[in-house]
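One rule links them: number in the numbering used here = place in the sequence shown (from 1) + 20.
Every residue, glycine too, gets a C-beta built ideally from N, C-alpha and C.
Quantities reported herein were computed from a predicted structural model and do not represent experimental measurements.
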Amino acid sequence: MIAPPTRLEGTGFPAIAAGGEGRVALAYLGDSGNDTWNGYISIITDAFSDNPLITTVQVNEFGDPLDVSADCGYNRCGGFGDFIDILVDQHGRPWFGLSHNIVDEGIFGTITIGPSLRGPLAPLAEMPMGGPTTLLSNPRWKLHRLVIQKISGLL
Numbered sequence: 021m022i023a024p025p026t027r028l029e030g031t032g033f034p035a036i037a038a039g040g041e042g043r044v045a046l047a048y049l050g051d052s053g054n055d056t057w058n059g060y061i062s063i064i065t066d067a068f069s070d071n072p073l074i075t076t077v078q079v080n081e082f083g084d085p086l087d088v089s090a091d092c093g094y095n096r097c098g099g100f101g102d103f104i105d106i107l108v109d110q111h112g113r114p115w116f117g118l119s120h121n122i123v124d125e126g127i128f129g130t131i132t133i134g135p136s137l138r139g140p141l142a143p144l145a146e147m148p149m150g151g152p153t154t155l156l157s158n159p160r161w162k163l164h165r166l167v168i169q170k171i172s173g174l175l
């Protein structure tokens, strides 16, 4: 079970990746109300603690939901049922990838700042924000790179 942010009405399509000892990243879709489905990454840096800290950020921009279908997280929901995954790269940065509805459309999200989930517990190098200005397109492939809002206070 994934414990979502307190304002979510439901979640679906969870994925999990482990980094270094006690460090975990979770990715999932969540309904923030009125069938407004957004993508989320939750990061835990002290999973073996009696009271682990879970920090969650939304991967898509506010006001630009990934889907607005009723019960999206509880059924196939377009292409979300085809592919959803999370991994931790060699630098310790989590990457959330998923597909949705349109052929050749992929959505990728990560954190702009935050803790490394590999090696020493240290801040990652800052990455610029994504969004519409980072979209790449050509006739055969459409890649949406969404970089989530900055995480502060994790270290």
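Through-space distance from residue j to residue i, alpha-carbon basis
i	j	result
G139	I63	15 Å
T56	A47	17 Å
M21	T31	Reliability of the predicted coordinates at M21 is poor, the pLDDT of 43 falling under 50, and the value obtained from them is presented with this limitation in mind. In a straight line, the C-alpha of M21 is about 10 Å away from that of T31.
I133	T75	12 Å
Beta-ladder partner(s) of residue i, from DSSP
i	result
Y60	Y48 and Q78
Reduced DSSP category for residue i - H, G, I as helix; E, B as strand; rest coil
i	result
L175	Low confidence applies here, because L175 scores a pLDDT of 38, under 50, leaving its location unreliable and the question unanswered by this model.
L137	coil
G150	coil
G99	helix
G30	strand
Reference residue i; option with closest CA among the options
i	options	result
I61	V77, L118 and G42	V77
C97	F116, I131, G50 and T75	G50
L28	N58, I36, G39 and G40	N58
G126	I74, A38 and L86	L86
Distance between beta carbons of residue j and residue i, contact taken as under 8 Å
i	j	result
G112	S136	3 Å
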